[in-house]
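So the protein lines, in turn, are chains G and W.
Here the first sequence is numbered in the working numbering, starting from 1 and rising by one per residue.
Here the second sequence is numbered in the working numbering, starting from 1 and rising by one per residue.
For reference, the structure discussed in these notes is given below.
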Amino acid sequence: MMPAGSPRVRLEAVDVGYTYSGQTPTRALEGLNLSVGDREFVALLGPVGCGKTTLLRMFAGFLSPTQGSVLCDGARIDGPSSDKGYVLQENAIFPWMTVRENVEFGLLAKGVEPASRRAVSDELIRLLGLAAFAEAYPKELSSGMSKMVEVVRVLATDPSILLLDEPFGALDAQTRAMMQDELARLWEQRRKTVVFVTHDADEAIYLADRIAVLSPRPGRVTANFPVELPRPRSLETRFSAAFSALKRQVWEAIGQSVASNAPKPSPSSSH
Amino acid sequence: MMQMSPAPWTRLRRALVAIGALAVLYGIAAQIGQKWLPHRIWMDVHYIDDVELLPTYRSLGEELVFLLQSGILPSSIAVSTGRILIGFFLGACAGILLGMATGRSRRIEDLAEPWVTFLRFTPALALLPLYVVWFGYGEPSKVLLIATNVAVVTLLGAHQGVRGVPRVYLDAAASLGADDRLAFKKIVLPAALPQIFASLRIALGLAWVTIVVAELIDAKMPSLGYLLALAGAYPRVPTMVIGIATVGLLVLAFDLLALFLHARATRWMKRTA
Numbered sequence: 001m002m003p004a005g006s007p008r009v010r011l012e013a014v015d016v017g018y019t020y021s022g023q024t025p026t027r028a029l030e031g032l033n034l035s036v037g038d039r040e041f042v043a044l045l046g047p048v049g050c051g052k053t054t055l056l057r058m059f060a061g062f063l064s065p066t067q068g069s070v071l072c073d074g075a076r077i078d079g080p081s082s083d084k085g086y087v088l089q090e091n092a093i094f095p096w097m098t099v100r101e102n103v104e105f106g107l108l109a110k111g112v113e114p115a116s117r118r119a120v121s122d123e124l125i126r127l128l129g130l131a132a133f134a135e136a137y138p139k140e141l142s143s144g145m146s147k148m149v150e151v152v153r154v155l156a157t158d159p160s161i162l163l164l165d166e167p168f169g170a171l172d173a174q175t176r177a178m179m180q181d182e183l184a185r186l187w188e189q190r191r192k193t194v195v196f197v198t199h200d201a202d203e204a205i206y207l208a209d210r211i212a213v214l215s216p217r218p219g220r221v222t223a224n225f226p227v228e229l230p231r232p233r234s235l236e237t238r239f240s241a242a243f244s245a246l247k248r249q250v251w252e253a254i255g256q257s258v259a260s261n262a263p264k265p266s267p268s269s270s271h
Numbered sequence: 001m002m003q004m005s006p007a008p009w010t011r012l013r014r015a016l017v018a019i020g021a022l023a024v025l026y027g028i029a030a031q032i033g034q035k036w037l038p039h040r041i042w043m044d045v046h047y048i049d050d051v052e053l054l055p056t057y058r059s060l061g062e063e064l065v066f067l068l069q070s071g072i073l074p075s076s077i078a079v080s081t082g083r084i085l086i087g088f089f090l091g092a093c094a095g096i097l098l099g100m101a102t103g104r105s106r107r108i109e110d111l112a113e114p115w116v117t118f119l120r121f122t123p124a125l126a127l128l129p130l131y132v133v134w135f136g137y138g139e140p141s142k143v144l145l146i147a148t149n150v151a152v153v154t155l156l157g158a159h160q161g162v163r164g165v166p167r168v169y170l171d172a173a174a175s176l177g178a179d180d181r182l183a184f185k186k187i188v189l190p191a192a193l194p195q196i197f198a199s200l201r202i203a204l205g206l207a208w209v210t211i212v213v214a215e216l217i218d219a220k221m222p223s224l225g226y227l228l229a230l231a232g233a234y235p236r237v238p239t240m241v242i243g244i245a246t247v248g249l250l251v252l253a254f255d256l257l258a259l260f261l262h263a264r265a266t267r268w269m270k271r272t273a
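Structure follows, in structure tokens:
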């Protein structure tokens, strides 16, 4: 289900399945369908272990589905590229580089001249309010800011797609809210196609245009919720009646998707 | 209760106090202890009854002046240090390059592993006779012996460093568009550097052990090993003490230099102690 008026599909997962091989093969995803429109902010919401990260790694080009196909602009994704900015769940800021070197890394990989790199990193670092820390090593940053540096690091090459894997999962509630505002502000300024993985319904509603609810393993999309809250979103948004109503719907959908994936007599599911 | 790690100058002061206390105790022992040392039967056998077993500071000082003025000590230091530097450089280059290769490629690792394991558990000095036969008495066998020792240790350090680079950094670099070359230069190398430096420090200490013993066995003038061998033959305890102290101070100086370089190269790391 796509929101009305979306011009074209950027990312698409068609009947995707993924099984981790090993002593006990694990089916992470099965029969998953999802499409993400141009400049749409989609939150993938699901419990821990439902295969959200697996799906995101497929979009990022680090995994190939064992069933079905994962497409970007209609073409099969065959590897990572800097046009799909990917922020990993783990802390992946390069600790041996300064904040500036981190932000400029993607441009360096593209062979951009130092002067132009500096112009871009100056702007992004200023956007984060980190000008004083431009030449500092990441050890001097808080964990929230260090994650935001990772986010602007992928923005530096101006990718049209952003893949964010629980970027604020490890933060405390207050810092988390601040970083969400920060991300929302960045996104208002530079609209990208975003897939945002989270297990936090509030975060999903606050940030996204649409929420795709995933079932527990093997994960598939069980419900889609367009988020029709006005932007820019603010503290008012968080306490609005519309927000609460949507949150209730989302929680009900989560409950149903858990029930629907309760032990079944046959492991094969049809769609 | 957690103990805080003290300020550097506090630690330095403590070290100086420990050294000073030992120096004073030795001075007292050297003044009054000589006649209480047990007489050994081999002293009579070798016709040595006036050997200074606990040389006083005065005789140590005289010996030091002699060794310096005659040029014996400076030239010995120069020769032994030169061998260390050449052997260390050759061994470190070979070891680090090989370790990176085995760290990056399972195939090379499988090919190299039996040899590395073999050399790792073979005392380098056991190789000396073989090296002497192959490379002759003289410089090449000693330098190559050091190089062998250093190469094995640094190979393991570089291997573990490269192999241990967290996957997330490589994934992040790849998704930012880095090719293998850039990823190696900007991700693998800096991430492996702390372990490489740690192995270099260990190898440096090992190099000094190796060179002194190698020079004891194939003793030629001038070298610190030879100085010690000669002092043992007479026997002259003041020469031994000065020789040992010289080696100790050189190892310490080299270790401090390595530590300094290590600290410079890993400024970005979080210090936990």
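All C-beta atoms, glycine included, are put in the ideal place defined by N, C-alpha and C.
As assigned by DSSP and simplified to three states, the class of residue i
i, result
"W:Arg-83", "helix"
"G:Lys-84", "strand"
"W:Glu-63", "helix"
"G:Ser-266", "Here the model assigns G:Ser-266 a pLDDT of 48, short of 50, so the residue's position is not dependable, and the following value carries that caveat. The answer is coil: DSSP assigns G:Ser-266 none of H, G, I, E or B."
"W:Met-1", "Summary for W:Met-1: the model assigns pLDDT 48, below 50, so the residue's position carries little reliability; its value from the coordinates is reported in the next sentence. Note: W:Met-1 maps to coil in three-state DSSP."
"G:Cys-72", "strand"
"G:Asp-209", "coil"
"W:Glu-109", "helix"
"G:Phe-225", "strand"
"W:Tyr-234", "coil"
"G:Ser-143", "helix"
"G:Ser-9", "First, the amino acid is wrong: residue 9 of chain G is Val here, not Ser. Strand at G:Val-9."
"G:Glu-252", "helix"
"G:Ser-260", "helix"
"G:Gly-46", "coil"
"G:Arg-245", "A quick correction: the sequence has Ala, not Arg, at residue 245 of chain G. Three-state DSSP puts G:Ala-245 in a helix."
"W:Ile-244", "helix"
"W:Phe-89", "helix"
"W:Ala-126", "helix"
"G:Ile-161", "strand"
"W:Tyr-131", "helix"
"W:Ala-273", "The predicted position of W:Ala-273 is uncertain, since its pLDDT is 42 and thus under 50; no value can be drawn from it."
"G:Asn-102", "helix"
"W:Gly-99", "helix"
"G:Asp-15", "strand"
"G:Gly-61", "coil"
"G:Ser-240", "coil"
"W:Thr-117", "helix"
"G:His-271", "Low confidence applies here, because G:His-271 scores a pLDDT of 44, under 50, leaving its location unreliable; read the following figure in that light. Correct three-state label for G:His-271: coil."
Same chain, Cβ closer than 8 Å to residue i, neighbours up to 5 away in sequence not counted
i, result
"G:Glu-228", "Ala-242"
"G:Val-258", "Pro-47, Ser-215 and Pro-216"
Partners in chain G for residue i, counting only beta-carbon separations shorter than 9 Å
i, result
"W:Met-100", "Under the 9 Å cutoff, chain G gives no residues; its nearest Cβ is about 17 Å from W:Met-100."
Residues of its chain near residue i, where Cβ-Cβ distance is below 6 Å and the 5 sequence neighbours each way are ignored
i, result
"G:Arg-272", "Residue 272 of chain G lies beyond the stretch modelled for chain G, which goes from 1 to 271, so this question has no answer here."
"G:Pro-95", "Pro-138"
Listed by chain order, chain W residues near residue i by CB distance under 9 Å
i, result
"G:Pro-80", "Asp-171, Ala-174, Ser-175, Leu-176 and Gly-177"
"G:Lys-84", "Ser-175"
Cβ-based neighbour list, residue i, same chain, cut-off 7 Å, excluding 5 preceding and 5 following
i, result
"G:Gln-180", "Phe-168, Glu-203, Tyr-206 and Leu-207"
"W:Pro-238", "Glu-52, Pro-55, Ser-59, Leu-60 and Glu-63"
"G:Met-2", "Legend: pLDDT at G:Met-2 = 47, less than 50; position of this residue unreliable, value from coordinates given subsequently. Hits under 7 Å: Ser-35 and Gly-37."
"W:Ile-217", "Leu-128"
"W:Ala-231", "Thr-239, Met-240 and Gly-243"
"W:Ala-101", "Ile-108"
"G:Ala-156", "Val-103, Glu-104, Gly-106, Leu-107, Val-120, Ser-121 and Leu-124"
Chain-ordered neighbours of residue i on chain G, where CB pairs are closer than 8 Å
i, result
"W:Leu-182", "Leu-108 and Ala-109"
"W:Ala-191", "Trp-96"
Contact set between residue i and chain G, taken where Cβ atoms lie within less than 7 Å
i, result
"W:Lys-270", "Lys-139"
Neighbouring residues, chain W, relative to residue i (Cβ below 7 Å)
i, result
"G:Leu-88", "Val-168, Asp-171 and Ala-172"
"G:Ala-60", "Ser-175"
"G:Ala-134", "Per Cβ cutoff of 7 Å: no residues; G:Ala-134 is ~15 Å from chain W at best."
Under 8 Å from the C-beta of residue i: neighbouring residues of chain W
i, result
"G:Val-197", "Residues of chain W passing the Cβ test: none, with the nearest at roughly 15 Å."
"G:Phe-105", "Ala-173, Leu-176, Ala-178 and Lys-186"
"G:Thr-272", "There is no way to answer for residue 272 of chain G, as the model of chain G reaches only from 1 to 271."
"G:Val-154", "Ser-175 and Leu-176"
Interface flag, residue i vs chain C, CB-CB below 8 Å
i, result
"G:Ala-177", "No chain C appears in this structure, whose protein chains are G and W."
- Item | Inside the region 172-207 of chain G only - beta strand (DSSP E) runs reaching at least 3 residues | 193-198
Can you check the region 105-130 of chain G for any alpha helix (DSSP H) of at least 4 residues that lies completely inside it and give the ranges in chain order?
114-127
* Asked: Are the region 122-135 of chain W and the region 206-218 of chain W in contact at 8 Å, needing three or more beta carbon pairs?
  -> yes
- Query: Any chance the region 158-172 of chain G sits against the region 85-104 of chain G, with 3 or more Cβ pairs inside 8 Å?
  - Reply: yes
*Using 8 Å as the Cβ pair cut-off and three pairs as the minimum, do the region 196-205 of chain W and the region 153-173 of chain W touch?*
yes
Q.
Between the region 51-60 of chain W and the region 112-121 of chain W, can you find at least three pairs of beta-carbon atoms closer than 8 Å?
A. no
Quiz item: With contact counted as at least three CB pairs below 8 Å, one residue from each stretch, are the region 193-200 of chain G and the region 152-168 of chain G in contact?
Solution: yes
Practice item. Any chance you could list the alpha helix (DSSP H) runs of at least 4 consecutive residues sitting entirely within the region 144-226 of chain W, in chain order? Key: 167-175, 180-183 and 189-217
The region 73-90 of chain W touching the region 236-250 of chain W, judged by at least three CB pairs closer than 8 Å | yes
Margin query: Does the structure place the region 66-73 of chain G close enough to the region 16-33 of chain G that three or more beta carbon pairs sit under 8 Å?
Written below: Judged by pairs of C-beta atoms under 8 Å, the region 16-33 of chain G touches the region 66-73 of chain G, as three or more such pairs exist.
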